[in-house]
Amino acid sequence: MPSVHDGMNVRKKMILLLSLSSGLLLTILFLSFWLSNDNLRLSVASKNLAPSLDYWFGTDWLGRDMFTRTMKGLRLSLTLGAFTSLLSVLIATVMGICAATFGKATDAVISWVIDLFIGMPHLVFMVMICFLAGGGIYGIILGVSLTHWTALARLVRAEVHQIKNAEYIQISESYGKSAWYIAGKHILPSILPQIMIGFLLMFPHVILHEAALTFLGFGLSPQTPAVGIILSEAMNHISTGKWWLVVLPGLLLVVVIKSFDHIGEQIRILLEPASSNE
Numbered sequence: 134m135p136s137v138h139d140g141m142n143v144r145k146k147m148i149l150l151l152s153l154s155s156g157l158l159l160t161i162l163f164l165s166f167w168l169s170n171d172n173l174r175l176s177v178a179s180k181n182l183a184p185s186l187d188y189w190f191g192t193d194w195l196g197r198d199m200f201t202r203t204m205k206g207l208r209l210s211l212t213l214g215a216f217t218s219l220l221s222v223l224i225a226t227v228m229g230i231c232a233a234t235f236g237k238a239t240d241a242v243i244s245w246v247i248d249l250f251i252g253m254p255h256l257v258f259m260v261m262i263c264f265l266a267g268g269g270i271y272g273i274i275l276g277v278s279l280t281h282w283t284a285l286a287r288l289v290r291a292e293v294h295q296i297k298n299a300e301y302i303q304i305s306e307s308y309g310k311s312a313w314y315i316a317g318k319h320i321l322p323s324i325l326p327q328i329m330i331g332f333l334l335m336f337p338h339v340i341l342h343e344a345a346l347t348f349l350g351f352g353l354s355p356q357t358p359a360v361g362i363i364l365s366e367a368m369n370h371i372s373t374g375k376w377w378l379v380v381l382p383g384l385l386l387v388v389v390i391k392s393f394d395h396i397g398e399q400i401r402i403l404l405e406p407a408s409s410n411e
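The opening position of the sequence shown corresponds to residue 134 in my numbering, with each subsequent residue numbered one higher.
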């Protein structure tokens, strides 16, 4: 059986790793605002330069600084990821609470909708929604947010089923409070930790799928410094030996995604210690 001292060391290690991951993401955001847009101007004299002390990620075929493009592209991905994840969490929370609160008929309909969304091929469904919405930022937000809420909705539904028979909820019902009042006043505050964890764990998947949609050409315009566009354009030049156009932005995207995944997992363990032993 682990001692209290071992448990404290594990907790300190988790907090340290959590701080490092958060610090990395904050650094990327700071650099994205601090780096000048002048680095994105076309320059014939600086085109196709390999990584160096002057150009950390090299330059592209138009002479643009790839480090600046990558930082600003990641900032856009983080912004879209945050907004899209919030929408997905909102949909999941409403659907999960309604399924567990408003009777068997509502539960059956919402469960059927969840199964329908889960049964669709994920990427194909996102591409279809994005295409029907006309692409762009609006299409990305709709395509990603409408396909990422199902797992969290199932979790919320299960959590609400566990707590809706609690004594304080029964007392509230005996006073004639409506289902909407009980859901907002009693149920929602009880499941906020699960919702927060769901948001953090959803975030990296949203960023990855936003980059995938943009890479496939269903997202933002080519002039936008987005990571998906950077990788898509670089594929036309990778065969000429310009490896840095793909490897460095792609590697940093993976680091960002893993950092958010790590943050969500560590917070989940901190809030639900029992889950780490399962």
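For glycine and all other residues, C-beta sits at the position ideal for the given N, C-alpha and C.
Nearest-angstrom Cα separation, counted from residue j out to residue i
i, j, result
"K237", "M329", "27 Å"
"V227", "A286", "8 Å"
"A367", "L168", "22 Å"
"I315", "I161", "42 Å"
"I400", "F332", "11 Å"
"I320", "S311", "12 Å"
"A266", "E300", "46 Å"
"L153", "I224", "31 Å"
"D193", "V379", "10 Å"
"L213", "L157", "18 Å"
"L173", "M204", "12 Å"
"E411", "H255", "Summary for E411: the model assigns pLDDT 48, below 50, so the residue's position carries little reliability, and this model does not support an answer."
Short CB-CB distance (under 8 Å) between residue i and chain D
i, result
"F235", "Among the protein chains of the structure shown there is no chain D, as only one such chain exists."
Three-state secondary structure assigned by DSSP to residue i
i, result
"D248", "helix"
"V137", "For V137, the predicted model reports a pLDDT of 49, less than 50, meaning its position is unreliable; a value from the coordinates is still stated below. Here V137 sits in helix by DSSP."
"D394", "helix"
"D240", "helix"
"D198", "strand"
"T357", "coil"
Start and end residues, alpha helix (DSSP H) containing residue i
i, result
"G276", "269–278"
"V293", "283–296"
"W313", "312–315"
"A367", "360–367"
"L325", "321–348"
"V257", "255–265"
"I302", "300–307"
Residue from the options with nearest C-alpha to residue i
i, options, result
"I251", "T203, I390, T280, L275", "T280"
"W245", "V257, A232, P254", "A232"
"D198", "F216, F332, R208, D171", "D171"
"G350", "I340, H255, T160, I363", "I363"
"S210", "V277, I296, D193, F235", "V277"
"L195", "A178, I243, G309", "A178"
"L182", "D394, S392, W377", "W377"
"L384", "F235, P358, G309, F200", "F200"
Cβ-heavy atom distance, residue i to the ligand COA, below 7 Å
i, result
"M335", "The ligand COA is not among the ligands present in this structure, which contains no ligands whatsoever."
Margin query: Could you check whether the stretch 214–221 touches the stretch 330–345, counting it as contact only if at least three pairs of C-beta atoms, one from each stretch, sit closer than 8 Å?
Written below: As far as the Cβ criterion goes, the stretch 214–221 touches the stretch 330–345, which means the pair count is three or higher.
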